[in-house]
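Protein chains in written order, with my numbering: chain V, 458 to 981; chain L, 458 to 981. Where a beta carbon is used, it is the ideal one built from N, C-alpha and C, also for glycine. This report concerns only the one structure given below.
Protein chains: 2
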Amino acid sequence: MNPLDTTEFKKQGHMIIDFLADYYENISNYPVLSQVEPNYLKKLLPSFAPSNPEPIETILEDYQKHIIPGITHWQSPNYFAYFPSSGSTAGFLGEILSTGLNVVGFNWISSPAATELENVVIDWLGEILNLPKSFLFKGGGGGVLLGTTCEGILGTLVVARDKILSKIGSENAHKLVVYGSDQTHCAVQKAAHIIGINPKNFRAIKTNKLNSFALLPESLLSTIENDLKNGLVPCYLCVTVGTTSTTAIDPVRKLCNVAKDYGIWVHVDAAYAGSACICPEFRYLIDGVEDADSFSLNAHKWFLTNLDCCCLWLKDPNSLIKCLSTTNSEYLENSASDSKQVVDYKDWQVTLSRRFRALKVWFVLRSYGVDNLRNFLRSHVEMAKTFEGLVKMDKRFEIIVPRKLALVCFRILPYGKKVADGKVTNGEAKLIGKKVANGKVTNGEAQLISSEDVVANEINRKLLDSINGSGDVYMTHAVVEGVFVIRCAIGATLTEEMHVIKAWKVVQEHADVILKDKNGSIFV
Amino acid sequence: MNPLDTTEFKKQGHMIIDFLADYYENISNYPVLSQVEPNYLKKLLPSFAPSNPEPIETILEDYQKHIIPGITHWQSPNYFAYFPSSGSTAGFLGEILSTGLNVVGFNWISSPAATELENVVIDWLGEILNLPKSFLFKGGGGGVLLGTTCEGILGTLVVARDKILSKIGSENAHKLVVYGSDQTHCAVQKAAHIIGINPKNFRAIKTNKLNSFALLPESLLSTIENDLKNGLVPCYLCVTVGTTSTTAIDPVRKLCNVAKDYGIWVHVDAAYAGSACICPEFRYLIDGVEDADSFSLNAHKWFLTNLDCCCLWLKDPNSLIKCLSTTNSEYLENSASDSKQVVDYKDWQVTLSRRFRALKVWFVLRSYGVDNLRNFLRSHVEMAKTFEGLVKMDKRFEIIVPRKLALVCFRILPYGKKVADGKVTNGEAKLIGKKVANGKVTNGEAQLISSEDVVANEINRKLLDSINGSGDVYMTHAVVEGVFVIRCAIGATLTEEMHVIKAWKVVQEHADVILKDKNGSIFV
Chain V
458 MNPLDTTEFK
468 KQGHMIIDFL
478 ADYYENISNY
488 PVLSQVEPNY
498 LKKLLPSFAP
508 SNPEPIETIL
518 EDYQKHIIPG
528 ITHWQSPNYF
538 AYFPSSGSTA
548 GFLGEILSTG
558 LNVVGFNWIS
568 SPAATELENV
578 VIDWLGEILN
588 LPKSFLFKGG
598 GGGVLLGTTC
608 EGILGTLVVA
618 RDKILSKIGS
628 ENAHKLVVYG
638 SDQTHCAVQK
648 AAHIIGINPK
658 NFRAIKTNKL
668 NSFALLPESL
678 LSTIENDLKN
688 GLVPCYLCVT
698 VGTTSTTAID
708 PVRKLCNVAK
718 DYGIWVHVDA
728 AYAGSACICP
738 EFRYLIDGVE
748 DADSFSLNAH
758 KWFLTNLDCC
768 CLWLKDPNSL
778 IKCLSTTNSE
788 YLENSASDSK
798 QVVDYKDWQV
808 TLSRRFRALK
818 VWFVLRSYGV
828 DNLRNFLRSH
838 VEMAKTFEGL
848 VKMDKRFEII
858 VPRKLALVCF
868 RILPYGKKVA
878 DGKVTNGEAK
888 LIGKKVANGK
898 VTNGEAQLIS
908 SEDVVANEIN
918 RKLLDSINGS
928 GDVYMTHAVV
938 EGVFVIRCAI
948 GATLTEEMHV
958 IKAWKVVQEH
968 ADVILKDKNG
978 SIFV
Chain L
458 MNPLDTTEFK
468 KQGHMIIDFL
478 ADYYENISNY
488 PVLSQVEPNY
498 LKKLLPSFAP
508 SNPEPIETIL
518 EDYQKHIIPG
528 ITHWQSPNYF
538 AYFPSSGSTA
548 GFLGEILSTG
558 LNVVGFNWIS
568 SPAATELENV
578 VIDWLGEILN
588 LPKSFLFKGG
598 GGGVLLGTTC
608 EGILGTLVVA
618 RDKILSKIGS
628 ENAHKLVVYG
638 SDQTHCAVQK
648 AAHIIGINPK
658 NFRAIKTNKL
668 NSFALLPESL
678 LSTIENDLKN
688 GLVPCYLCVT
698 VGTTSTTAID
708 PVRKLCNVAK
718 DYGIWVHVDA
728 AYAGSACICP
738 EFRYLIDGVE
748 DADSFSLNAH
758 KWFLTNLDCC
768 CLWLKDPNSL
778 IKCLSTTNSE
788 YLENSASDSK
798 QVVDYKDWQV
808 TLSRRFRALK
818 VWFVLRSYGV
828 DNLRNFLRSH
838 VEMAKTFEGL
848 VKMDKRFEII
858 VPRKLALVCF
868 RILPYGKKVA
878 DGKVTNGEAK
888 LIGKKVANGK
898 VTNGEAQLIS
908 SEDVVANEIN
918 RKLLDSINGS
928 GDVYMTHAVV
938 EGVFVIRCAI
948 GATLTEEMHV
958 IKAWKVVQEH
968 ADVILKDKNG
978 SIFV
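This is the structure:
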């Protein structure tokens, strides 16, 4: 057995390329959201690994027959769920080249090119984002390619924690407070828990629709002041540019100004929206980032870089290295590291082993060029405008928050605008509220929002399930201020305007059916 | 611009497959360890990303000219450094198929097959490792494919911490103690720091050569007892099966027995050696694992699975889920998750986004079959035996610890066995010690080990630098009990007996030159 026999490698490699090309060619024919039932696969596969080799043809046949039906097709042009995972030929090529090299670039010596190309693309990306020089290697800062934003948040949280504990003593760890809004990604709360922040000391500061769910500086200020009064110690603030639910944009500069006075580490999480900031017209979204300590975006979301790739920049990488460098590891020492002339990325991240992610970013930037990348992102924003326009033209629907980039948040109003205007009679509303309360929504929850919204939520949930059950498109939802909204996130690489127009038709068709049910079970 | 144009995807994809096949074909012609100088790449690449697209041919030309010289070739048959990163055609194919699908499998619904195939291969692997049923899904336990062992350790540490803090209160977090040996991987100490364990409370319990650097149960016991006397709270023990420096094997069962009495979470880290345990004759290495709480190995090390892939099993996955599940994330909720009939792997790991790693494990197991995989690992052990035999035949060298699997730890003795036997006169030894102390080694350190060892360390360091500088092979080092040892880790996929024999010749040739220098500068 030679598992790297060149002839076999070539033969099977070409086979998979053709297989994947066929996949992209036919991707629209698959239901976007997998329609399998839980535990479908166990029944189809043997309980034990085979003792003897099986030919690649058999494995691919099983793949097509058993795995593909269980795939939710993130690369489908009809995929509008969560945020995109936008792959590309260049991203794919860079990734598979890295997979072929299979180097473990934990320190410089283990593959100098893996480290140095990462330094280069971090500065290239920083330049096109117009990040302040202080975040770039060429300006004394620097950055790293991680797997996900979660890792970036975890790492910077540790730095922020250790900085403060070095002053107030580790016995005061339970006093540290981490700030975000009620729209901040759950990764922050999870990372805070992991590093030992008291769960009671995570502040999900309330936002509201009136302010498009952005974190208000005055809310932050009063929360901090209140914590100080209670003897707590402010530690870390996550400012989000483009929240998951609605792409809310926290005002970076103003929030940094508040945080600065209290010595709080500010991380700007632009996981989704950051990519758009390479377009001058969207760069204002991160204005003020020069006052933050760290900044990150996910190139695997909306930058044509196949999963996974989070880009993290810091003004003071040494603070990160101080916290995350390994000790007691003589087996990793070498003269290049001793010289202090090189970057050892193991000291910039939680894990030791790391893949050569810079290759795919390099391939994407060079294969498409910055001008085309900008235009590509703009095309998604234009398509989102189109979709938003279509929603607005249908009086049965409302846009929940003004669209910022390529995410449209909308919902259907089961009684038309009448309900939204609050013209439904009390009697009706009560009845409806009660019925729903017997279903999924508890009485407690139901009381928090209007009876109209309770009904609307149920209808929209039903509408979304109906849309996704069709397999024609896949959208997901969010709940903001108790209101269930349908999210249409445009950004899959293959999506064109015709797909967006079709998606809207699908929504309308399913809405027609559901609204006809108005006199059916739910509304009796 | 269509970044997923099928024709281009096919054309460029085939090009990269041929490119990689050529790479494997010619890999022996490259210096194994990259010979570039720090910061070589910055000078070769432009300072800014290109505005316009560049053809794939140009990018690949630059790759060959600028990146390849900066690569340390982990796939080279002459690679014997660290531990292997053993790629294979099947591992590669599974990985690129996953890269092409580009799904983000954070929860079941986001691609049921990604989750369910992971469940299947976790049980398949568990069966061939003869893990107790309690670690398998089919036995009420379960597992997950992570990027690296570091993530597995971090996650289980959080569980152990929270379990104890739920009893003693989080204000006592500073009392928790984490145990390992002075041979335990640095990842444990780093993870303990990340989750907020007081750095003073990480116990690197001393091991010694007499016991092949294994952690002794009695040492653990007395350390625990001492901590308890001081009012501290034992929390977590990392038992290592196959340490990085010398493949030391901590006695699993006995250590679990000690830990059990104190309610300590036991994690068995078999990152390297775990793969070998699929062979019945090596399975004894993890005997007693049934008494541990969690167990992990890196399939990307010695299981033909391209980077990255750590397999983690737990008896009580719910304890992990309880700690790592996300809250406040309505946008991730769905009826499949609500039904509790599915696994949502986001709750089993630190990060949210995750790649479809199960595919490559499935491809490896099916393409090669378990019997061949066993024989393949055995062949590496046999080659290591050959290498060990060659070292033993040369009287100038000594084996530092008895070989366990496919890692041979050896060193040259500059004065021949005479020095090892301690027959050098005091006068000479002093003189030598002094000279070295003027060089790299401080007086303080020099006092810890014998003067002979100080000299031997310098010579072996010089020998290793000389070997690696040749580009013919790449080995790395470790330091145990102050002694510098050269590590020859056999396991690169392409390595055959002839490479091992050649590697030994390279060592001997460089030793010849260095020992001729005996009357040169160092020995004057």
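### Task
Provide the residue span of the beta strand (DSSP E) that contains glutamate 552 (chain L), from first to last.
First-last for glutamate 552 (chain L): 546-558, but that is the alpha helix (DSSP H), not the beta strand (DSSP E).
### Query
Going by other Cβ atoms of all chains shown within 10 Å of its Cβ, with 16 needed for buried, is glutamine 640 (chain V) buried or exposed?
Label assigned to glutamine 640 (chain V): buried.
### Message
Starting from valine 616 (chain L), trace the alpha helix (DSSP H) in both directions and tell me its first and last residue.
### Response
606-625
### Task
Would you decide whether glycine 890 (chain V) is buried or exposed? Buried here means 16 or more other CB atoms lie within 10 Å of its CB.
Annotation note: pLDDT 40 at glycine 890 (chain V) (below 50); position unreliable, coordinate value reported separately. Buried.
### Message
Taking beta-carbon pairs under 7 Å, can you tell me which members of the segment 808-834 of chain L lie near chain V?
### Response
Thr808, Leu809, Ser810, Arg812, Phe820, Leu822, Arg823, Ser824, Tyr825, Gly826, Val827, Asp828, Asn829 and Phe833
### Message
Out of L:Tyr872, L:Ser907 and L:Ile971, which one is the CA nearest neighbour of leucine 921 (chain L)?
### Response
L:Ile971
### Query
Cβ of tyrosine 481 (chain V) within 8 Å of Cβ of glutamine 532 (chain V)?
A contact, by the Cβ cut-off of 8 Å.
### Query
Would DSSP call tyrosine 872 (chain L) helix, strand or coil?
coil
### Task
Using only alpha-carbon positions, find the residue among V:Asp750, V:Cys780 and V:Leu764 that is nearest to leucine 771 (chain V).
V:Asp750
### Query
Any Cβ of chain L within less than 8 Å of the Cβ of glutamine 965 (chain V)?
no
### Presumed contact (8 Å Cβ cut-off) between tyrosine 719 (chain L) and proline 691 (chain L), rounded CB distance
5 Å
### Contact list for cysteine 695 (chain L) against chain V, beta-carbon separation under 7 Å
None at all; the shortest Cβ gap to chain V is about 13 Å.
### Query
Got a sec? Which residues, its chain only, sit under 8 Å from leucine 678 (chain V) by beta carbon, not counting five neighbours each side?
Val715
### threonine 899 (chain L) versus aspartate 910 (chain L): straight-line alpha-carbon distance, rounded
Confidence is the limiting factor: at threonine 899 (chain L) the pLDDT is only 36, short of 50, which leaves the residue's position unreliable and the question unanswerable from this model.
### Task
Throw me the rounded Cβ distance for the cysteine 768 (chain V) and leucine 754 (chain V) pair, which I believe falls under 8 Å.
6 Å
### Cross-strand partners of proline 507 (chain V) (DSSP beta bridge)
Paired residues: none, contrary to the question.
### Query
Since glutamine 469 (chain V) meets chain L, which of its residues come closer than 7 Å, beta carbon to beta carbon?
Within chain L, Thr546 and Leu550 have C-beta atoms less than 7 Å from the C-beta of glutamine 469 (chain V), given in sequence order.
### Query
How is the beta strand (DSSP E) around cysteine 695 (chain V) delimited, first residue to last?
690-697
### Message
Quick check: what's the CA-CA separation for leucine 712 (chain L) versus asparagine 658 (chain L)?
### Response
19 Å
### Query
Checking contacts by CB at 8 Å: is tryptophan 581 (chain V) closer than that to chain L?
Interface criterion met: the Cβ of tryptophan 581 (chain V) is under 8 Å from a Cβ in chain L.
### Query
Mind checking if aspartate 765 (chain V) is an interface residue toward chain L, Cβ cutoff 8 Å exclusive?
yes
### Query
Nearest to glycine 939 (chain V) by alpha carbon, out of V:Tyr788, V:Tyr825, V:Ser908 and V:Phe537?
V:Ser908
### Task
Measure the alpha-carbon distance for isoleucine 856 (chain V) versus glutamate 954 (chain V) and round it to whole angstroms.
19 Å
### Query
If you compare alpha carbons, which of V:Val799, V:Leu847, V:Met850 and V:Gln965 is closest to tyrosine 497 (chain L)?
V:Val799
### Task
Kindly indicate if chain L contains any beta-carbon less than 8 Å away from that of glutamine 521 (chain V).
no
### Query
Taking DSSP as the reference, what is the three-state secondary structure of lysine 891 (chain V)?
At lysine 891 (chain V) the pLDDT is 38, less than 50, meaning the model places this residue with poor confidence and gives no usable figure here.
### Query
Taking all protein chains shown into account, do 16 or more other C-beta atoms lie within 10 angstroms of the C-beta of aspartate 444 (chain L), making it buried, or fewer, making it exposed?
Because chain L here runs from 458 to 981, residue 444 (chain L) falls outside it and cannot be looked at.
### Task
Rounded to whole angstroms, what's the CA-CA distance from cysteine 736 (chain L) to valine 489 (chain L)? Just pull it up for me.
30 Å
### Cβ of threonine 933 (chain L) within 8 Å of any chain V Cβ
yes
### Query
For glycine 599 (chain L), which residues does DSSP report across the bridge?
L:Leu771
### Query
Does the Cβ-Cβ distance between valine 634 (chain L) and leucine 689 (chain L) come in under 8 Å?
yes
### Query
So the beta strand (DSSP E) tyrosine 520 (chain L) belongs to, where does it begin and stop?
Note, tyrosine 520 (chain L): premise wrong, no beta strand (DSSP E); not H, not E.
#### Entry: Residue interval of the alpha helix (DSSP H) (run including asparagine 459 (chain V))
Looking at the DSSP string, asparagine 459 (chain V) is not in any alpha helix (DSSP H), and its letter there is neither H nor E.
### Query
Could you check where the alpha helix (DSSP H) with leucine 633 (chain L) kicks off and where it finishes?
For leucine 633 (chain L), there is no enclosing alpha helix (DSSP H); the enclosing beta strand (DSSP E) covers residues 633-638.
### Query
How should tyrosine 741 (chain L) be labelled, buried or exposed, when 16 other C-beta atoms within 10 angstroms of its C-beta is the threshold for buried?
exposed
### Query
Should the segment 551-560 of chain V be regarded as contacting the segment 469-480 of chain L, the criterion being three or more beta carbon pairs within less than 8 Å?
yes
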